[in-house]
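Under the UniProt record's numbering, the letters of the sequence shown match residues 1 to 67, in that order. Step one of this worksheet: look at the structure below.
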Amino acid sequence: MCPHQPPCPSHQAPDRDAARTLAAHPEQGWSLLCNGVVLFEDTGELLPDGGIIAPHRPTDLPAPSAA
């Protein structure tokens, strides 16, 4: 359980990335968050239950079509 006040969002919450960082390894491209999520540099995530969240950068949006 999270010892922070207010508590960090759970790994199931939509704002799970807002949890505090427990261990940061920028040289390896990942960080461990308080809620057990491993957050990768490319914005992909590995959840504590084994689930995977694909990278979701805002630049992954489709280009606007020319008028």
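From the three backbone atoms N, C-alpha and C, an ideal C-beta is built for every residue, glycine too.
Rounded Cβ spacing between residue i and residue j (contact assumed at less than 8 angstroms)
i, j, result
"C34", "L22", "6 angstroms"
Per-residue burial, residue i [other beta carbons within 10 Å of its own, 16 or more giving buried]
i, result
"A13", "exposed"
"H56", "exposed"
"A19", "buried"
Closest residue to residue i among the options (Cα-Cα distance)
i, options, result
"V38", "P6, S10 and P3", "S10"
"D42", "I53, G36 and P6", "I53"
Short Cβ contact (7 angstroms threshold) for residue i with residue j
i, j, result
"F40", "G50", "no"
"G36", "P48", "yes"
| message | In chain order, what are the residue ranges of uninterrupted beta strand (DSSP E) at least 3 long that sit wholly in the stretch 2-48? | response | List check, beta strand (DSSP E) in window: 21-25, 30-33 and 38-40.
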